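In my numbering, the protein residues as written are 784 to 954.
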């Protein structure tokens, strides 16, 4: 009978060791997820900073292009109405508007492309962060279950040791 008690105690100790190892693994994974969440949060902050920093130049070039387009439309209107004959101002407007649109477009397209990519990355990072928080919640539940199981195994082990002491004292 004493031998069976020892076997049960060994089984309990073995199970306790395995659950503690599993809990350590879960805690390490939770730590990695937390670190990844910090990296994602920093990346999102950087992306927001880039978006805020890119809005003003983009709006400037957009306004510049809009002005050039309006100037070009005015020139086309005057030309179509026949008032451009001998009118130097319209010719100069053409010389300003067409290269201005080209220059503004050449400057704004990379900025828009960059802002669009940063904006898309923000959404991707937000989604990944949400998934990580979901996984972290599941891990916390598993860690709580492992903690409860460790507590229960420790109680069983204590009861077994107390019973064994009482059995030895009674003999």
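C-beta atoms are modelled at their ideal positions from N, C-alpha and C, and glycine is treated no differently. In this text the structure is predicted, and so the values were computed from the model without any measurement.
In this structure, DSSP gives residue 865 a state outside helix and strand, which the three-state scheme calls coil. Rounded to whole angstroms, the gap between the alpha carbons of residue 793 and residue 810 is 25 angstroms.
Around the beta carbon of residue 808, fewer than 16 other beta carbons lie within 10 angstroms, which makes this residue exposed. The straight-line gap separating the alpha-carbon atoms of residue 847 and residue 819 is approximately 42 angstroms. In chain order, 858 place their CB closer than 7 angstroms to the CB of residue 877, counting only its own chain and leaving out the 5 sequence neighbours on each side. When the beta-carbon positions are compared, residue 883 and residue 919 stay at least 9 angstroms from each other. Excluding five sequence positions before and after residue 922, the CB atoms of its chain that fall closer than 8 angstroms to its own CB belong to 809, 812, 813, 816, given in chain order.
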